[in-house]
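Heads up: the sequence shown begins at 1 in the UniProt record's numbering, then just goes up one per residue. Glycine included, each C-beta is placed from N, C-alpha and C at the ideal position. It should be emphasised that the depicted structure is a prediction, and the values quoted were computed from it without experimental measurement.
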Amino acid sequence: MSRKIDYRELGLKCGLEIHQQLDSKEKMFCKCPTTIRNTDESNFEFFRYLRPTASEMGETDKAALEQTKVNRKYIYKAYDTTCLIENDEEPPRELNKEVLDIALSISKLLHMVPVEQLHMMRKIVVDGSNTSGFQRTAFLANNGYLDTSEGTVGIDVICVEEEAAQKIEDAGDSIIYSLDRLGIPLVEIATTPDIISPSHARETAAKIGMLLRSTGKVKRGIGTIRQDVNISIAEGARVEIKGVQALDLIETIVEREAERQINLLEIRRSLNERNASVHDEIFDVTELFKGTESKVIKKTIKKGKVFAVLLPGFAGHVGMEVQPGRRLGTEFSDRAKTSGVGGIFHTDELPNYGITEDEVTALREFVGAGENDAVIMVADKEKRARGAMESVLIRAAEALKFIPEETRKGLPDGNSAYMRPLPGASRMYPETDVPQVEISREYFESIPVPELLTERAKRFSKEYGLNEELAEKIVYSQDLPLFEELIAKFSGDNIITATLIVRTITGTVPELKRDGVDVGKITDEHFKQMFEVIASGEVAKEAIEKILRHVAQKPNTVVRDSLEELGLTWSDTAEIEAFIEKLVEERQDFITEKGTGAVGPLMGLVMGEFRGKVDGKVLSELLKQKINEFLNP
1 MSRKIDYREL GLKCGLEIHQ QLDSKEKMFC KCPTTIRNTD ESNFEFFRYL RPTASEMGET
61 DKAALEQTKV NRKYIYKAYD TTCLIENDEE PPRELNKEVL DIALSISKLL HMVPVEQLHM
121 MRKIVVDGSN TSGFQRTAFL ANNGYLDTSE GTVGIDVICV EEEAAQKIED AGDSIIYSLD
181 RLGIPLVEIA TTPDIISPSH ARETAAKIGM LLRSTGKVKR GIGTIRQDVN ISIAEGARVE
241 IKGVQALDLI ETIVEREAER QINLLEIRRS LNERNASVHD EIFDVTELFK GTESKVIKKT
301 IKKGKVFAVL LPGFAGHVGM EVQPGRRLGT EFSDRAKTSG VGGIFHTDEL PNYGITEDEV
361 TALREFVGAG ENDAVIMVAD KEKRARGAME SVLIRAAEAL KFIPEETRKG LPDGNSAYMR
421 PLPGASRMYP ETDVPQVEIS REYFESIPVP ELLTERAKRF SKEYGLNEEL AEKIVYSQDL
481 PLFEELIAKF SGDNIITATL IVRTITGTVP ELKRDGVDVG KITDEHFKQM FEVIASGEVA
541 KEAIEKILRH VAQKPNTVVR DSLEELGLTW SDTAEIEAFI EKLVEERQDF ITEKGTGAVG
601 PLMGLVMGEF RGKVDGKVLS ELLKQKINEF LNP
């Protein structure tokens with residue numbers, strides 16, 4: 001952040017929308033598994049063109065209209081784990097009961113009140129991510145809350161809805177989607193605008209995430225949870241920033257949007273002081289660039305046009321920064337791109353990109369630009385270029401009056417880019433193919449409330465002797481189910497302790513991954529077999545790293561076979577005793593000098609010989625015994 005901000009004084013209002021995939025066995029409206037596939041496993045594909053439909057009131061959503069300004073072909077990759085419902089060639093089945101149970105348990109954790117009847121709705125989506133042109137969603141519960149360090153944050157609503165298809169490739173005129181994700185159930189949780197700072201937004205998102213994971217019924221990994229952030233400031237406008245996947249990015253997103261709106265307000269003030277305006281005419285300046293050396297324009301001009309617009313009083317302002325690395329001109333460019341163009345040029349940054357000073361002078365003279373005026377231009381096919389200039393004129397006019405309400409895309413650096421206008425109520429209408437679901441008081445009360453991960457960590461510390469750090473690591477780990485299975489299996493074992501299991505899962509495995517080992521090939525069964533042979537005394541726990549490296553390289557090998565290949569087989573006591581007796585004999589002077597203090601230094605030599613083959617405690621006891629026998633003949 002380039003300046004220190006008092007967010008209360010700024011009038012920051014912020015709310016979150018959390019979209020979390022549920023880990024049900026089947027999809028929301030069919031029997032297909034919720035399995036993500038590799039696109040090279042697709043067994044057929046088809047394509048569609050989508051158009052927005054009017055609501056029951058005859059209104060068409062403005063966000064949907066803008067998304068269809070460019071006529072795109074949508075190509076869908078299907079699999080043997082998808083069906084005709086994903087293809088939109090068969091009506092949906094009834095709502096998956098497991099999905100509703102999971103969603104209701106989340107509602108309970110958030111102290112929410114469910115509806116008595118669940119009605120499915122259709123939400124218009126024409127970006128190609130739904131083959132039907134709409135997403136099925138249902139209002140489930142409301143009036144909840146979440147306790148935070150900054151006070152209570154209201155939970156306005158929870159909806160249950162189907163996940164969209166995953167975008168694989170965007171070629172401009174066509175977009176490829178994968179149908180494996182389409183129809184996976186998710187919950188959408190929306191808070192009230194009670195969040196008062198960027199750090200508070202992060203804390204709220206983290207707490208909701210913890211509650212969701214506490215159910216043990218949500219999917220984990222990149223792309224399975226997304227945060228949309230709604231932000232406004234006094235004199236600003238509500239902006240929805242979509243698709244924030246990293247929790248650590250939420251603070252930056254809120255900071256950068258507040259900064260953007262502050263800067264846009266300052267630009268508006270400065271433009272109005274100049275009596276800046278927008279000239280509505282779109283100029284065809286193609287002839288000015290017939291002999292240009294600009295590669296972008298030269299390539300386009302063969303089949304397209306160069307158009308320009310005049311913005312009186314805008315000189316020096318189009319290049320003003322609104323977010324780090326993004327300017328008012330970037331805002332214009334984002335709008336222009338909705339018509340399918342690659343970007344725009346403006347005189348605050350020219351001459352550049354192969355456009356000469358003489359060409360800029362000719363351009364300014366042609367449109368009648370004065371010293372304080374800016375000129376925006378674009379080169380593309382005529383329809384696209386004209387649409388782009390029309391969008392720039394609209395955005396420039398907004399810059400003089402207000403910050404527009406809009407939906408923006410979160411960028412990896414914490415900035416955001418324009419996507420479309422905020423949707424209106426006309427994008428929703430009833431789904432007539434899915435019957436309503438009754439949610440009785442008895443049914444809701446029968447839904448169990450999961451143990452919170454924070455409480456589970458405390459219980460693990462108390463029951464299994466884990467320190468606070470290890471307890472928190474394992475409860476937030478994707479391998480929590482594996483830990484619970486292992487700890488139940490080896491309950492009471494003196495070697496396979498909770499600490500050993502957790503250190504292996506959360507410590508050794510990540511270290512191996514950083515070392516380039518493909519730990520994804522290590523299965524739960526490998527862990528079970530490994531801890532079994534350690535518990536039986538066939539191998540020492542010091543061999544864990546070697547065993548895991550080996551099974552990662554040869555995942556079809558059983559652990560006992562790995563022991564043979566690695567030479568990690570049990571040495572009998574006679575062999576160990578013979579080695580230690582020889583060591584004591586060779587180091588008599590050292591032992592005489594150090595006494596029992598010689599155990600530590602000599603233990604390193606013993607471990608070097610038997611590490612991984614014999615438990616360290618056994619070796620230590622034998623070494624102590626032989627040293628005591630030498631010292632006390």
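Query: In terms of alpha-carbon separation, which member of R37, L211, E281, I241 lies closest to K77?; Result: R37
Query: Less than 8 Å between C-beta atoms, sequence neighbours within five positions excluded: which residues of the same chain meet that for L453?; Result: M210, R213, S214, V475, Y476
Query: From the DSSP secondary-structure annotation, give me the bridge partner or partners of K13.; Result: S232
Query: Using the beta-carbon count (16 or more within 10 Å), is L563 buried or exposed?; Result: buried
Query: Does DSSP put Y418 in a helix, a strand or coil?; Result: strand
Query: Can you tell me the Cβ-Cβ gap for L288 and F345, rounded? I've got them flagged as a contact below 8 Å.; Result: Their Cβ separation, rounded to whole angstroms, is 12 Å, which puts L288 and F345 out of contact at 8 Å.
Query: Taking one C-beta from the stretch 142-156 and one from the stretch 2-11 each time, how about it: are there three or more such pairs within less than 8 Å?; Result: no
Query: Could you check what DSSP says for Q227 in three-state terms: helix, strand or coil?; Result: strand
Query: Go ahead and pull the three-state DSSP assignment for Q245.; Result: coil
Query: So what does DSSP say about L470, is it helix, strand or coil?; Result: helix
Query: Checking the sheet assignment: what are the DSSP bridge partners for G154?; Result: Y145
Query: Taking the alpha-carbon positions, what's the E484 to T504 distance?; Result: 14 Å
Query: For Y418, does the count of other Cβ atoms within 10 angstroms reach 16, so buried, or fall short, so exposed?; Result: buried
Query: Would you give the residue range spanned by the beta strand (DSSP E) that G410 belongs to?; Result: 406-410
Query: Going by beta carbon distance, what residues of the same chain come within less than 8 Å of F630, once the five residues before and after it are set aside?; Result: V584, Q588, I591
Query: Could you have a look at Q478 and say whether DSSP puts it in helix, strand or coil?; Result: coil
Query: Please report the residue range of the beta strand (DSSP E) in which V309 lies.; Result: 305-311
Query: Closest by CA to F490, which one among V449, T347, Q529, T192?; Result: Q529
Query: Quick one: grab the DSSP three-state call for H346.; Result: strand
Query: Please look up how many angstroms separate the CB atoms of A543 and V517, rounded, as I've assumed it's under 8 Å.; Result: Incorrect: roughly 15 Å between the Cβ atoms, too far for contact.
Query: Closer than 8 Å by C-beta to L247: which residues in its own chain qualify, once you throw out the five before and the five after it? Chain order, please.; Result: R202, A205, A206, G209, Q227
Query: Please identify the residue among T506, P510, I241 whose C-alpha is closest to the C-alpha of T407.; Result: I241
Query: Among V378, E581, K624, V160, which one has its Cα closest to the Cα of G597?; Result: K624
Query: Around the Cβ of K108, are there at least 16 other Cβ atoms within 10 angstroms (buried) or fewer (exposed)?; Result: buried
Query: Only counting the same chain, and skipping five residues up and downstream in sequence, which positions put a Cβ closer than 6 Å to that of S277?; Result: P312
Query: Which first and last residues belong to the alpha helix (DSSP H) in which P198 is found?; Result: 198-214
Query: If D180 and Y79 are in contact, beta carbons under 8 Å, what's the gap, nearest whole angstrom?; Result: 6 Å
Query: So, for E118: in the same chain, excluding its five sequence neighbours on each side, which residues have a beta-carbon less than 7 Å away from its beta-carbon?; Result: The amino acid at residue 118 is misidentified as Glu; the sequence shows Leu. Hits under 7 Å: A138, L140, Q436, V437, I439.
Query: Any idea if L411 is buried or exposed, counting beta-carbon neighbours within 10 angstroms, 16 or more meaning buried?; Result: buried
Query: Kindly give me the distance between the Cβ atoms of A555 and K521, rounded to whole angstroms, as I take these residues to be in contact under 8 Å.; Result: Note that residue 555 is Pro in the sequence shown here, rather than Ala. The Cβ separation is near 4 Å, so the contact holds.
Query: Classify E17: buried if its beta carbon has 16 or more other beta carbons within 10 angstroms, exposed otherwise.; Result: buried
Query: Does the beta-carbon of K295 have 16 or more other beta-carbons within 10 angstroms, so that it is buried, or is it exposed?; Result: exposed
Query: So, using beta-carbon positions, are T252 and G15 closer together than 7 Å?; Result: no
Query: Kindly identify the DSSP beta-bridge partner or partners of F283.; Result: A308
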